[in-house]
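Numbering (our numbering), first residue to last: 511 to 898.
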């Protein structure tokens, strides 16, 4: 049976896609089943209110940023955030990076127009190039191999940097990786059957999430995620209804397995007071053992006068505060943060201790897609979260 798949690139040569998939199918998985099962065990503890998740990283990883200095700055920042969260919340912190695979992005329009010229939209380095030219914007399946090799390099760097664990990491020491399960030819080619338990595992990441634009219960992304044993995240935006969430939970976790589902709430300050209690009540009726995370970034994006996308640090903090407040008022454990951030000193989000203004946003804007918290803002948010 064929399931409709949204947000997939229109490759000009399907035979080339099949060839690349065959190469990926023959390649070693990037993560092991043992590591995935270890993450599931850690998530079971958090679903029992014993721990807090820090899931963070780039909006869209750039191939050009697979460099030692960039990765070291990122791991140093995450380590600092982990320590601040642990100190403020008095809970072990589980680190999950949006890294080593976050190379694809959904887009609101399939095409981009500049100066009267229309080309395919940039969908992430795993699909096409950011430069506005015919050669770069045509989807190229060979980029999937480039993503695989850079993910392997990134994972190796993370393993090498994991030696200096802080006291915050005493329970959840490993560094797990995640990405949006968006580009189905890539994720499906790296999915393997484990003979020990006869279950399928996505070998490209320890956990993957279902995006807001690909979350129809009857479509291909949900069908793919239904078949894997990895923990799965579900993005919950303003369009998520109680009924749709019920259908997704029944399809993706029919046996109510603890540690299987993370609900990543991306409602925005304007909607969270109204919509989050409805989702909380729907999950309570199902008695589904989910973990609740807040994504305070995606629902709070705006544009500067010059047209650059940005997010206000104060608004991001306010959504985190409201998330913690609403969950605790209903007796539900706040399970974690899901952030777009970098260890670099960029000026993409306004505010914070550096008092970045709208006029400053373009000075060091490096993101290929959405604006990220910089090193200072990331640490400040982690410290404030411990006080909410």
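Ideal placement from N, C-alpha and C gives every residue a C-beta, glycine not left out.
Predicted model only: the values in this text are computed from it and were never measured.
Alpha helix (DSSP H) segment containing residue 822, residue limits: Unbroken run through residue 822: none, as it is neither H nor E.
Would you mind listing the beta strand (DSSP E) stretches within the segment 730-776 that are 3+ residues and don't spill past its ends, in chain order? 742-746, 771-775
Using only alpha-carbon positions, find the residue among 582, 553, 638 that is nearest to residue 573. 638
Which first and last residues belong to the beta strand (DSSP E) in which residue 689 is found? Where residue 689 is concerned, the enclosing beta strand (DSSP E) stretches over 686-690.
Report the rounded CA-to-CA distance for residue 675 versus residue 847, giving the unit in angstroms. Interpretation of residue 675 is limited by its pLDDT of 47, a score under 50 that renders its predicted location unreliable; the figure taken from the coordinates is listed afterwards. Answer to the nearest angstrom: the Cα atoms are 20 Å apart.
Which listed residue (514, 554, 516) has its alpha carbon closest to that of residue 799: 554
Pick from 614, 602, 823, 581 that is closest to residue 519, judged by C-alpha positions: 614
How far does the alpha helix (DSSP H) with residue 895 in it extend, from its first residue to its last? 885-895
In three-state terms, what does DSSP make of residue 878? coil
Contact under 8 Å by Cβ, residue 539 with residue 702: yes
For the beta strand (DSSP E) containing residue 623, name the first residue and the last one. 621-624
Does DSSP put residue 546 in a helix, a strand or coil? helix
Measuring alpha carbon to alpha carbon, tell me which residue in 889, 605, 544, 552 is nearest residue 686. 605
Indicate the three-state DSSP secondary structure (helix, strand or coil) for residue 852 in the structure shown. coil
Where residue 605 falls: helix, strand or coil (DSSP): Three-state result, residue 605: strand.
May I ask you to list the residues that DSSP assigns as paired with residue 718? 689, 742
Rounded straight-line distance, which links the Cα of residue 843 to that of residue 677: Unreliable positioning characterises residue 677 in this predicted model, as indicated by a pLDDT of 45, which lies under 50. The coordinate reading is nonetheless provided below. Rounded to whole angstroms, residue 677 to residue 843 spans 22 Å at the Cα level.
Alpha-carbon to alpha-carbon, residue 850 and residue 819: 13 Å
Do residue 599 and residue 562 have their beta-carbon atoms positioned less than 8 Å apart in this structure? Contact: yes.
So is residue 833 buried or exposed if we call it buried at 16+ other beta carbons inside 10 Å? buried
Closest residue to residue 698 among 712, 559, 768, 669 (Cα-Cα distance): 712
How many angstroms separate the CA atom of residue 640 from the CA atom of residue 829? 31 Å
By the DSSP assignment, the beta strand (DSSP E) with residue 565 in it spans what residues? 562-567
Ends of the beta strand (DSSP E) at residue 812? If you look at residue 812, you'll find it in the beta strand (DSSP E) that goes 811-813.
For residue 792, which option in 822, 768, 840 has the closest C-alpha, if you only look at C-alpha atoms? Distance from the Cα of residue 792 is smallest, within the candidate group 822, 768, 840, for 840.
Out of curiosity, what's the CA-to-CA distance linking residue 651 and residue 723? 22 Å
Residue environment, residue 695, which counts as buried when at least 16 other CB atoms sit within 10 Å: buried
Using the DSSP secondary-structure output, state which residues sit across from residue 801 in a beta bridge. Answer is 772, bridged to residue 801.
For residue 709, three-class secondary structure by DSSP: Residue state, collapsed to three classes: strand.
Identify, in the order they occur along the chain, each residue of the same chain with its Cβ nearer than 7 Å to the Cβ of residue 591, setting aside the five sequence neighbours on each side. Non-local beta-carbon contacts of residue 591 in its own chain, meaning distances under 7 Å to residues more than five positions away in sequence, involve 564, 888, 889, 892 in chain order.
Where does residue 782 sit, in a helix, a strand or coil, going by DSSP? helix
Using three-state DSSP, classify residue 660 as helix, strand or coil. helix
With DSSP as the reference, label residue 702 as helix, strand or coil. Assignment of residue 702 by DSSP, reduced to helix, strand and coil, places it in the strand class.
Nearest CA to the CA of residue 816: which residue from 868, 585, 859, 809? Looking at the Cα atoms, 868 is the closest of the given residues.
Measuring alpha carbon to alpha carbon, tell me which of 726, 729, 762 ends up nearest residue 740. Considering only alpha carbons, the answer is 762.
For a test of the three-state rule: what should DSSP assign to residue 675, helix, strand or coil? Below a pLDDT of 50, predicted positions are generally treated as unreliable, and residue 675, at 47, falls in that range; the measurement from the model is reported next regardless. If DSSP states are grouped into helix, strand and coil, residue 675 belongs with coil.
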